[in-house]
Amino acid sequence: KEKNSMETFEKHESQVRSYSRSFPKMFNKAKGHKIWDTDGKEYIDFFAGAGALNYGHNDDKMKEKIVEYIMEDGISHSLDMGTVVRAKFLEKFSEVILKPRKLDYKVMFPGPTGTNTVESALKIARKVTGRTNIISFTNAFHGMTLGSLSVTGNSFNRDGAGVPLNNTVPMPYETFMDDDNSLDFLKSYLSDTGSGLDLPAAIILETVQGEGGINAASFEWLQEIEKLCRRYDMLLIVDDVQAGCGRTGTFFSFEPAGVKPDIVCLSKSIGGYGLPMAITLIKPEHDIWEPGEHNGTFRGNNMAIVAATEALTYWENDKLANSIQEKSKVIKTRFEKIVKDYPELNATTRGRGFMRGIACGEGKEDYAGKICEKAFEKGLIIETAGPSGEVVKFLGPLTIDNEGLNKGLDILEEAIEEVLN
Ligand code: PMP
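The UniProt record's numbering numbers the first residue of the sequence shown as 5 and each following residue consecutively.
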């Protein structure tokens, strides 16, 4: 057993670049909602791979399927060749996810990451409409490649590109302004054809902004955005990379709003087991790429596809969805109580389903980071979000049991208590 987690971490840290120091330990084992460092200390995971582990670490069924596949010499990597397991995934995705929701999409494999699916969505929107610009929102997060970064509303991340990024029309997200002005702003902009505006190809949005600070758009706002897309022939791209795969309580985050995006981006938990995978859902009439016009070496990771197929089993009945609804009430109630019991934080709470935040108020932003740091010391992994890192962000696995959930929430509250006293 490797000893002294902290010492090894420091050595490791000096060898890698651009790495996070939020969780300064070495980890080597994880199961469900728990993860252990090399000193054997147990942590509850309220971060879940930034939403890539909606079903927790090392789900037994998925593990069994992957191991079985490897032992049978199943094809590990196959680019865009047809494989039996990929066909099975497509069939199950259609049966379990698309058909019951009356959604008619073609499934594209854009590359293994969230950035890849966003990039493919932006390209399709431009090619289909013959337009260049994309409307995106303040505090949005869509990825780190040039296209996806150009629609990301975070100056720190944008600075990583060195020079300004093009072709984006930034707009205030609903929660950015106090009343309905954000929609009016957007409407005025789009109707201002007199100034020679080039109409945008698409609007890209997260229904709940994850990295941007758990800003949840109202269903009315989403519906109005959809109407604007129809009126101006723009495509509606919903980036469900973080909010999708059940995170907000339904498989797709946009379901309860009743909107039907033209393009849906999924990654993170679509692979189920934490293996890299992404899919882009497009309307059949937008399937205009020639084979290979958009490609990528790691589009055919069959191990991820095997796990992803098994993960869909969670959606064959309402069991998981119901339990998310129930447990999310527990989280919401607890967060509301925390906000009330600790007025020093001047905080508000927001979010949907298993995507919730405690946003520390003006002048109190630094508390969020301190709380997460303290929580980590006490055995809870939880991260901050928001433009100033002012939001304590809950992103626990959807499969967490009541005991784990309550224990994690207790640790969080103890951490707040200690930070404030
Ligand atoms: N879109 C959203 C909404 C995300 O949260 C993320 C990752 N945090 C991405 C895109 C990019 O995904 P990836 O890191 O896999 O490229």
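Quick reminder that beta carbons are idealized off the backbone N, C-alpha and C, glycines included.
Here the structure is a predicted model, which means the values were calculated and not measured.
Problem set entry | Sequence-distant residues of its chain with Cβ nearer than 7 Å to Leu416 (five each side left out) | Leaving aside the five residues that flank Leu416 on each side, the residues in its chain whose CB is nearer than 7 Å to its CB run, in chain order, Ala379, Leu384 and Ile386.
Problem set entry | Of the listed residues Val20, Gln19 and Phe27, nearest to Met10 (C-alpha basis) | Scanning Val20, Gln19 and Phe27 for the CA closest to the CA of Met10 turns up Phe27.
Exercise. From what residue to what residue does the beta strand (DSSP E) around Ser140 run?
Worked result: Segment Ile138 to Phe141, the beta strand (DSSP E) holding Ser140.
Exercise. From the DSSP output, which residues share a beta bridge with Ala363?
Worked result: Answer by DSSP bridge pairing, in chain order: Thr352 and Val395.
Exercise. Can you list the alpha helix (DSSP H) stretches of 4 or more residues lying completely in the segment 320 to 347, in chain order?
Worked result: The qualifying runs are 323 to 345.
For this session: Identify, in the order they occur along the chain, each residue of the same chain with its Cβ nearer than 6 Å to the Cβ of Val423, setting aside the five sequence neighbours on each side.
Result: Excluding residues within five positions, the ones whose Cβ falls inside 6 Å are Lys374, Ile375 and Lys378.
For this session: Whole angstroms is fine: what's the gap from Ser82's alpha carbon to Ile274's?
Result: Between the alpha carbons of Ser82 and Ile274 lies a distance of about 19 Å.
Exercise. Beta carbon of Ala325, beta carbon of Gly400: below 8 Å?
Worked result: Cβ atoms of Ala325 and Gly400: not closer than 8 Å.
Problem set entry | CA-to-CA distance, Asn306 to Gly86, given in whole angstroms | Take the alpha-carbon of Gly86 and the one of Asn306: they are about 10 Å apart.
Problem set entry | Span separating the alpha-carbon of residue 3 from that of Ala247 | Because the chain spans 5 through 425 in this model, residue 3 falls outside it and cannot be assessed.
Problem set entry | Local conformation of Phe31 per DSSP, three classes | If DSSP states are grouped into helix, strand and coil, Phe31 belongs with the strands.
Exercise. Which one of Lys45, Phe50 and Tyr59 has the shortest CA to CA distance from Phe255?
Worked result: Cα-wise, what sits closest to Phe255 is Tyr59.
For this session: Please work out which residues of its chain come closer than 6 Å, Cβ to Cβ, to Ile309, disregarding the five sequence neighbours upstream and downstream, and give them in chain order.
Result: Only Val89, Arg90 and Phe93 meet the Cβ criterion.
Problem set entry | Residues near Phe51 by beta carbon distance below 7 Å, same chain, minus five either side | Excluding sequence neighbours, Phe51 sits near Ile385, Ile386, Glu387 and Leu399.
Exercise. Which value, in whole angstroms, describes the spacing of the CA atoms of Lys368 and Gly276?
Worked result: Roughly 36 Å between the two C-alpha positions.
Exercise. What does a CB cutoff of less than 7 Å around Ala372 pick up in its chain, not counting 5 residues either side in sequence?
Worked result: Leaving aside the five residues that flank Ala372 on each side, the residues in its chain whose CB is nearer than 7 Å to its CB run, in chain order, Cys364, Thr388, Gly393, Glu394, Val395 and Val396.
Exercise. Nearest-angstrom Cα distance between Gly355 and Met75?
Worked result: Roughly 42 Å separates the two Cα atoms.
Exercise. Just curious, the beta strand (DSSP E) that Met175 is in, first and last residue?
Worked result: Segment Thr172 to Met175, the beta strand (DSSP E) holding Met175.
Problem set entry | Pocket of the ligand PMP defined by Cβ to heavy atom distance under 6 Å | Qualifying residues, in the order they occur: Ala54, Thr117, Gly118, Thr119, Val122, Phe145, His146, Gly147, Glu210, Gly214, Glu215, Asp243, Val245, Gln246 and Ser271.
For this session: Just mark Arg251 as buried or exposed, buried being the case when its beta carbon has 16 or more other beta carbons within 10 Å.
Result: Buried, by the Cβ-count rule.
Problem set entry | Where Glu47 falls: helix, strand or coil (DSSP) | The amino acid occupying residue 47 in the given sequence is Tyr; Glu does not appear at that position. Strand at Tyr47.
For this session: Measure the beta-carbon distance from Ile241 to Asp266 and round it to whole angstroms, keeping in mind my assumption that it falls under 8 Å.
Result: With 8 Å as the limit, Ile241 and Asp266 qualify as a contact, their Cβ atoms being about 7 Å apart.
Exercise. Smallest Cα separation from Ala312: which of Lys67, Ser18 and Phe13?
Worked result: Checking every option, the nearest Cα to that of Ala312 belongs to Lys67.
For this session: Measure from the alpha carbon of Leu169 to the alpha carbon of each residue in Arg235, Ser159 and Thr121, then state which is nearest.
Result: It is Ser159.
For this session: May I ask you to list the residues that DSSP assigns as paired with Asp41?
Result: In DSSP, Asp41 forms a bridge with Phe31.
Exercise. In this structure, does DSSP put Glu387 in helix, strand or coil?
Worked result: Annotated three-state conformation of Glu387 is strand, per DSSP.
For this session: Give the DSSP bridge partners of Val268, in chain order.
Result: Val268 is bridged to Val242 and Leu285.
Exercise. If we call anything under 8 Å between Cβ atoms a contact, is Arg303 one with Lys336?
Worked result: No, the pair does not count as a contact, with Cβ atoms beyond the cut-off.
Exercise. Opposite Ile207 in the DSSP bridges: which residues?
Worked result: Answer is Ile139 and Leu240.
Exercise. What three-state label does DSSP hand Asn158 in the structure shown?
Worked result: Coil.
Exercise. Since residue 4 is in the beta strand (DSSP E), which residue starts that stretch and which ends it?
Worked result: The chain is shown from 5 up to 425; residue 4 falls before or after that span and cannot be answered.
Problem set entry | Residue closest to Thr149, alpha-carbon to alpha-carbon, out of Ser140, Thr142 and Asn161 | Checked all of Ser140, Thr142 and Asn161; the closest Cα to Thr149 is Asn161.
Exercise. Assuming Ala205 contacts Leu239 under a Cβ cut-off of 8 Å, what Cβ separation, rounded to an integer in Å, is found between them?
Worked result: With 8 Å as the limit, Ala205 and Leu239 qualify as a contact, their Cβ atoms being about 7 Å apart.
Problem set entry | Close-in-space but distant-in-sequence residues of the same chain around Thr352 (CB under 6 Å, 5 per side omitted) | Listed in chain order, the non-local C-beta contacts of Thr352 below 6 Å within the same chain comprise Ala363, local neighbours out to five positions each way being set aside.
Exercise. By a C-beta neighbour count over all protein chains shown, 10 Å radius and 16 as the cutoff for buried, is Lys231 buried or exposed?
Worked result: Its Cβ having fewer than 16 others within 10 Å, Lys231 is exposed.
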